[in-house]
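Colleague: I'd like to ask you about the structure that follows.
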Amino acid sequence: MDIVRLVLDPTAGAAARQQRSGADPQLRADCLLYVKLWLITHAKRSLSRIRNIPEGQAMALDDIELTAELLLASVQP
């Protein structure tokens, strides 16, 4: 949930994505694996887990998908 909030935050989101795009190749590769596994392949499962906590009840699948899209764009060469 924290990564979704951070990436979509109007103030911190751009900086977070920029940090990932400037990271070393191994960190970008790890981020890519995480995004593909938890925010794409298992997006519905991740959303279900996020919604199980009070702070995550307003989260929508669109939020997960947008986060994945933004992170993919920031870590792919």
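All the letters of the sequence shown, read from the start, carry residue numbers 1 to 77 under this note's numbering. Backbone N, C-alpha and C fix where the C-beta goes; we use that ideal spot for every residue, glycine too.
Excluding five sequence neighbours on each side, which residues of the same chain lie with their C-beta closer than 7 Å to the C-beta of C31?
Modeller: Position 31 of the sequence shown, counted from the first residue, corresponds to residue 31. The answer, listed in chain order, is R20, L71, V75.
Colleague: What is the residue span of the alpha helix (DSSP H) that E65 lies within?
Modeller: For the purposes of this step, residue 65 is taken as residue 65 along the sequence shown, with counting starting at 1. Taken as a continuous stretch (DSSP letters only), the alpha helix (DSSP H) holding E65 covers 61-75.
Colleague: Quick one: using the 10 Å Cβ neighbour count with 16 as the cut-off for buried, is I50 buried or exposed?
Modeller: Working through the sequence shown from its first residue, we reach residue 50 at position 50. Result: buried.
Colleague: Relative to the C-alpha of L47, which candidate in L61, E69, L6 has its C-alpha closest?
Modeller: Here the question's residue 47 lines up with position 47 in the sequence shown. Closest option to L47, Cα to Cα, is L61.
Colleague: Rounded to a whole number of angstroms, what is the C-alpha to C-alpha distance between A73 and E65?
Modeller: Sequence index remark: in the sequence shown, residue 73 carries index 73 (1-based). Sequence index remark: in the sequence shown, residue 65 carries index 65 (1-based). For A73 and E65, the distance between alpha carbons rounds to 12 Å.
Colleague: Output the boundary residues of the alpha helix (DSSP H) element that contains Q19.
Modeller: As a working mapping, residue 19 is identified with position 19 in the sequence shown. Per DSSP, Q19 belongs to the alpha helix (DSSP H) from 13-21.
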